[in-house]
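Notes follow once the structure below has been shown.
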Amino acid sequence: MTQDRRHFIKLGLAGTAALATGCTGQEGTKVGGSVVLAKGKGPIILSTWDHGMPANAKAMEVLANGGSVLDAVEQGVMVTESDFTNRSVGLGGNPDRDGHVTLDACIQDHEGRAGSVAFVQRFEHPISIARAVMEKTPHVMLVGAGAERWALENGFERKDLVLDDVQAAWRKWAETSQYKPVANIENHDTIGLIAMDAEGWLAGSCTTSGMAYKIHGRVGDSPIIGAGLFVDGEAGAACATGVGELMIRTAGSHTVVELMRQGRSPEEACREAADRIIRKHKDLSDMQVGFLAIRADGAYGGFALRKGFSYALSTVGGTTLQQSQFELA
Ligand code: SD4
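Note that the working numbering has the sequence shown beginning at 62, numbered continuously upward.
What follows is the structure, encoded as structure tokens:
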């Protein structure tokens, strides 16, 4: 199928979805809690938490310089991975309970092509390894020692980083070793970034060091296509942050995209995914989940389990930090 033909089909479906929800496609129109931009008024970039601001800025720069939307979502989150003051993404992240920093990441494009790595150690840019898995192998996901060996064979270099304050905090934690997943009240969590370029092409990325002090070998939602990220150019893109087990159990990002395919607005779709998590779990105290979504027609929005989920929003009008609506106090 040619790119033009694919694009036509995508816009056709998006148009149907817009009609179903009464979206007019006028710039800035609010529909179902989500903002709808006119087609062709992209780019639109959404990413999780305050650290999304510099990531979005980089992604916008990539698009402005003629890069693809896939380049934009990769290079955007590379900024976060290289910020070694960040305690939940990249090599500066908090370690697992044995003191090892283990990294998860995935990437997906408009066509649904996907690449992922999980439980990898001592690499600065797991997102780039994930992209290479997508582009150079017949597989979607590589994990652990196999992923590391493949990365070394394919030009990625080890990076060792020992941060004294991170090690000291881990040693202090290890005195009691009490594990309780708390994500994210502190606003420094996983970065998920979804983007639509000016022509309407979608892509997304997600990268994390996972939950602090997790069991060695634990993998969360962030590298799992359908849980931490899902992109289908015919329907939309979604990403998630928070306690990954909640998203894996409910295939959270996939749920959001499928609800948008059925005509829900992005905010409504994110809210339904959050509500489903609430219905399926008895005790969500101290747990946070945040979803972001862009529908194929350019509508976008987000929703969180509880108060405090911020996200970065970039449009042609600039980049701003938004506070998500939420379900629980
Ligand atoms: C995980 N969702 O590993 C990721 C990271 C995160 O608070 O959001 N942690 O569960």
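Note that the Cβ used here is the ideal one computed from N, Cα and C, for glycine as well.
Straight-line Cα distance separating R210 from G289: About 25 angstroms.
The ligand SD4 heavy atom lying under 7 angstroms from the CB of T269: True, at least one ligand heavy atom lies under 7 angstroms from that Cβ.
Residue closest to A193, alpha-carbon to alpha-carbon, out of S177, G205 and Q182: S177
Neighbourhood of M114 by C-beta, 7 angstroms cutoff - its chain only, sequence neighbours within 5 removed: A373, T380 and L382
T82 classed as buried or exposed, judged by whether at least 16 other C-beta atoms fall within 10 angstroms: Reliability fails at T82, whose pLDDT of 33 lies under 50, so the model's placement of it is uncertain and the value that follows must be treated cautiously. By the 10 Å Cβ count, T82 comes out buried.
6 angstroms CB neighbourhood of A191 in its chain, flanking five on each side removed: Around A191: A166, C167, I168, G176, S177 and V178.
Neighbour flag for Y361 against chain D, beta carbons, 8 angstroms: The structure shown has no chain D; it contains just one protein chain.
Residues near L152 by beta carbon distance below 7 angstroms, same chain, minus five either side: F145, V162, E185, K220 and L222
For W234 and D226, the rounded distance between their alpha carbons: 12 angstroms
heavy atom of the ligand SD4 below 7 angstroms from T163 C-beta: no
Top-ranked residue by Cα proximity to A116, from P104, R310, I355 and E135: When only C-alpha atoms are compared, the closest one is E135.
L263, enclosing beta strand (DSSP E) - first and last residue: L263 to T269
Where the alpha helix (DSSP H) through G378 begins and ends: Unbroken run through G378: none, as it is neither H nor E.
Residue from E214, E196, D250 and Q239 with nearest C-alpha to S371: The candidate whose alpha carbon is nearest that of S371 is D250.
Sequence-distant residues of the same chain with beta carbon closer than 6 angstroms to V181, five excluded per side: L164, P187, A208 and E209
Where Q136 falls: helix, strand or coil (DSSP): helix
Of the listed residues P199, M257 and I252, nearest to T269 (C-alpha basis): Nearest of P199, M257 and I252 to T269, Cα basis: I252.
Short Cβ contact (8 angstroms threshold) for V318 with A335: no
Backbone CA spacing between S238 and I338 [nearest angstrom]: 27 angstroms
Identity of the residues DSSP links to G113 by a beta bridge: For G113, which the question treats as bridged, DSSP gives no partner whatsoever.
Of the residues K197, L389 and Y240, the one placed nearest F364, counting alpha carbons only: L389
G113 Cβ short of 7 angstroms to the ligand SD4 heavy atom set: no
Heavy atom of the ligand SD4 within 7 angstroms of T302 beta-carbon: yes
Anticipated Cβ contact below 8 angstroms, M308 with R356, distance rounded: Their Cβ separation, rounded to whole angstroms, is 19 angstroms, which puts M308 and R356 out of contact at 8 angstroms.
Buried versus exposed, by CB contacts within 10 Å (16 or more), D282: buried
Where G73 sits in the DSSP three-state scheme: Caution is warranted here: a pLDDT of 36 is assigned to G73, below 50, making its placement in the model unreliable, and the coordinate value is therefore given only provisionally. Helix at G73.
Residue burial classification, G378 (beta-carbon count within 10 angstroms, cutoff 16): exposed
Beta-carbon spacing of M202, R174 below 8 angstroms: no
DSSP bridge partner residues for F364 (one or two, in chain order): F352
Option nearest D293 by Cα separation, candidates H342, M257, R148 and E333: M257
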